Every structure is written in structure tokens, then in C-alpha cells.
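Engineer:
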Amino acid sequence: MLAGGVGGARFVRGLREAVRWWHPDAAIDVVVNTGDDWWLGGLRITPDLDSLLYTLAGQNDEQRGWGRVGESERVAAELQAYGVTPEWFTLGDLDLGTHIARTAWLRSGASLSEVVARLQQRWDLGGVRLHPATDDEVDTHVWVASDAGGEHDLHFQEWWTRYRAQLPALRFEQRGLAAARPSAGALAALEAADVVIIAPSNPVVSIGTIVSIPGMRDALRAVTAPIVGVSPIIAGAAVRGMADACLAAIGVATDAGAVARLYGPRSGVGLLDAWLVDEADAGVVDGLRADGIATDAVPLWMRDLDSAAALAEAALQAGLARRSAS
Ligand code: FO1
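Mapping of the sequence shown onto my numbering: residues 13 to 338, in sequence order.
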């Protein structure tokens with residue numbers, strides 16, 4: 013799987029359940045977006061990797077959608093009193109344990125992939141292996157208009173958590189992208205895959221960032237496995253997060269068909285062999301099929317573990333059907 017944070021975490025939890033029930037000898041590798049990552053208070057924060065780690069470990073705060081369950085904020089209050097962290101970005105006490113461990117290992121020379129492997133050794137993720145899309149630092153910055161005319165850039169986290177993506181984004185910039193390369197774990201996972209699933213994550217700043225890493229698109233197009241995507245848009249609205257604000261920034265409609273065309277058919281220069289939309293978007297199916305993307309309309313809402321598992325199994329079956337077809 014390719015995945016971002018919260019949408020990706022729910023889907024992976026469903027996929028793990030589907031694998032437990034119907035494919036018990038299968039393994040799950042997740043290539044995770046690292047574009048949301050940033051340095052704060054001298055610590056390297058990796059939100060999407062942590063969303064997946066905590067969710068799969070059963071340690072996530074389901075209500076807030078990020079961070080640890082049972083969290084406290086004693087240290088955060090001190091950090092904010094010193095002005096080391098802004099009031100719009102909170103590092104909880106338990107969460108800080110993860111950031112301090114990660115930063116200590118990075119400073120001792122470990123790669124982000126090694127850090128992720130060590131972090132997940134502590135928890136039982138039920139057979140799921142997490143891989144940062146790249147071990148290189150590639151922070152997403154968002155360019156917005158300045159009050160006095162002109163434009164300036166914000167780190168993605170400020171745009172996302174301080175401004176809730178309400179400042180119109182002129183463009184996104186993955187800083188450091190040119191020098192980045194896919195992680196070895198990500199490439200190995202793609203090569204070994206029977207099916208590659210693109211999770212219903214943010215198509216611009218999560219999936220888009222993963223695919224924009226030099227070499228990643230070619231690696232994806234070269235896999236022998238079928239690639240099936242799950243729409244992050246249902247009936248013209250983003251399921252979670254602010255995918256609509258991100259799509260608007262790149263001039264793509266907030267529409268299940270438009271996102272499939274953004275990814276593109278693999279028979280062209282794109283990534284998709286198959287695409288799943290919600291039944292509410294059944295109207296886009298014929299057009300996408302005509303464009304070479306095998307599309308089906310299935311229930312896309314992940315309300316609970318069972319519905320997430322059913323969706324994940326539908327994605328697996330859509331992929332496997334393409335494998336026999338190709
Ligand atoms: N999101 C917020 O809306 N407010 C926060 O204070 C906040 C803190 C935070 C700390 C660590 C972390 O891993 C994630 C955190 N997030 C917070 C969520 C984060 O912005 C999102 O998970 C992703 O960046 C969006 O995919």
C-alpha cells in the first residue's frame with residue numbers, strides 16, 4: 013500500500029483484518045508519506061508514520077485523529093511557556109517519547125527506515141510493516157499570498173494545523189525533493205507485491221508527494237502487480253482532512269473521477285489498473301472504464317472495522333481481477 017496519515021491508517025487497519033480473515037498467509041507493507049514531517053523543538057516529527065504506528069498498535073487517539081490515547085500535555089505546557097513550540101501544535105507527553113527516541117536514533121546515524129523498524133518492534137502491528145517513502149528529508153511547504161501582495165511559504169504543518177488549510181494554496185513545494193530517493197524498503201515492497209493499493213489518502217500532499225519522489229513513479233509503473241486505487245472523494249466531498257483545498261490548489265476538481273484521472277491509467281503514463289468509487293459516484297464508472305481504468309462502485313465509507321475490512325477486500329479483489337486480466 014501507498015498511504016498518508018489518518019485515511020490511510022483506517023484503511024490499513026481494515027486491510028489487516030481482511031488479510032487475517034481471508035488471506036492469512038499474506039503480509040502487508042505500507043509505503044508511508046513523509047512530506048508532512050518537520051523539525052520542532054529540535055525533534056523530528058513524522059505525523060503520517062506515527063498515525064499508522066499508533067493506529068495499528070491500538071495506541072491512537074481515535075477522537076482527535078492524531079497522537080496517543082490517554083495523552084497528557086505537561087511537557088507541552090512547558091515547551092509553549094518557553095516559546096519552543098507554538099500553541100497550534102501540541103507535542104503530548106507520550107508522543108514526545110516517540111519523537112525523542114526517533115531523534116536520538118537519527119542523531120546516532122540511523123536512517124528513518126531503521127528508526128521506523130525499531131519503533132514498530134516495540135508494538136505488535138499484526139504483520140504490517142511500515143516503510144517511509146524516502147529516508148531523505150522532503151518537507152512540504154505551501155505558498156500562499158501575502159497581505160501586502162506577493163507570496164510567502166509556510167511549512168505544511170502550519171498551513172494544516174494553524175490555518176486548517178483555509179489560506180488558499182498557490183502551490184505546494186516538496187523542499188529537498190530533487191535529492192531524494194525512494195527508501196530501499198519501499199522499493200523492495202513494491203517489487204514483491206502481489207497487489208499495490210493506493211489508499212484513500214490525500215491525493216496531492218500524501219499520495220502525490222510519495223509518487224513525486226524521483227524514481228518512485230517509474231518503480232510503480234514497473235511493478236508486475238496490478239495497482240488499484242481507492243477514491244478519497246465521495247459525492248464531491250473529501251472523506252477526511254482537507255483534500256478539497258489541496259485539489260483546488262492544483263486545479264483538479266473534488267471528484268472521484270478527476271482524482272482517478274490525476275493518477276492516470278497505467279495503460280497511458282499513469283498508475284492505475286483499477287479504481288474504486290463509492291456507489292454515490294457510480295456515474296463516473298463508464299467514462300473511467302473508457303479511459304482504461306477498470307472502475308467499480310462499492311461502499312466506500314469506513315464506519316467501523318468491518319466496513320473497512322470489506323472495502324480493503326474489495327480493493328484486493330479488484331487488483332487480483334486485473335492480474336488475471338493482464
Ligand atoms: N494536528 C493538529 O490539528 N493539532 C496539533 O496540535 C497536532 C499535533 C501533532 C503532533 C504530532 C503529530 O504526529 C501530529 C500532530 N497533528 C496535529 C496532526 C498532524 O498535523 C496530521 O496528522 C498530519 O500532518 C496530516 O496528515
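Yeah, the Cβ is synthetic: ideal placement off N, Cα and C, and Gly gets one too.
Fair warning: this is a prediction, and the values are worked out from it, not measured in the lab.
When the Cα of G161 is compared with those of R176, L182, P144, D151, which residue comes out closest?
Structural biologist: L182
Engineer: Count Cβ pairs between the region 166-186 and the region 234-244 that sit closer than 8 Å; are there 3 or more?
Structural biologist: no
Engineer: Considering only residues of the same chain and omitting the five flanking positions on each side of G282, which have a CB-CB separation below 7 Å?
Structural biologist: When the five nearest sequence neighbours on each side are left out, the beta carbons in the same chain lying within less than 7 Å of the beta carbon of G282 are those of Y275, G276, in order along the chain.
Engineer: Per DSSP, what kind of secondary structure is R193 in: helix, strand or coil?
Structural biologist: R193: coil per DSSP, three-state reduction.
Engineer: Short of 7 Å in beta carbon distance, which residues of its chain neighbour A327, apart from the five on each side in sequence? Order them along the chain.
Structural biologist: Only I209, V240, V242, L288 meet the Cβ criterion.
Engineer: Tell me which same chain residues have a C-beta within less than 6 Å of the C-beta of G16, skipping the five on either side of it?
Structural biologist: N45, D60, S213, N214, S218
Engineer: What's the gap between the Cα of G299 and the Cα of D48?
Structural biologist: 33 Å
Engineer: Rounding to the nearest angstrom, what Cα-Cα distance links A157 and A30 in this structure?
Structural biologist: 45 Å
Engineer: Shorter than 8 Å, the distance from the beta carbon of T46 to the closest heavy atom of the ligand FO1, or not?
Structural biologist: no
Engineer: Run the CB neighbour count on H164, radius 10 Å, all protein chains shown included, and call it buried at 16 or more, exposed below.
Structural biologist: Exposed, since its Cβ has fewer than 16 Cβ neighbours within 10 Å.
Engineer: In whole angstroms, give me the CA-to-CA distance for W100 and V271.
Structural biologist: 31 Å
Engineer: Which residue or residues does DSSP assign as beta-bridge partners of N72?
Structural biologist: R80
Engineer: To the nearest angstrom, report how far apart T7 and R252 are at their CA atoms.
Structural biologist: Outside the displayed range of the chain (13 to 338) lies residue 7, so it cannot be described from this structure.
Engineer: Run through the DSSP bridge pairs and tell me what L288 is partnered with.
Structural biologist: In the DSSP output, where bridge partners are listed per residue, L288 has V242, D308.
Engineer: Give every residue whose Cβ lies closer than 6 Å to any heavy atom of the ligand FO1, listed in chain order.
Structural biologist: Around the ligand FO1, the residues whose beta-carbon falls short of 6 Å from at least one of its heavy atoms are G16, G17, D48, I57, P59, D60, D62, S63, W78, G79, F101, T102, L103, D107, Q169, W172, T173, given in chain order.
Engineer: What residue from R193, R278, D308, V216 has the CA that sits closest to L124's CA?
Structural biologist: R193
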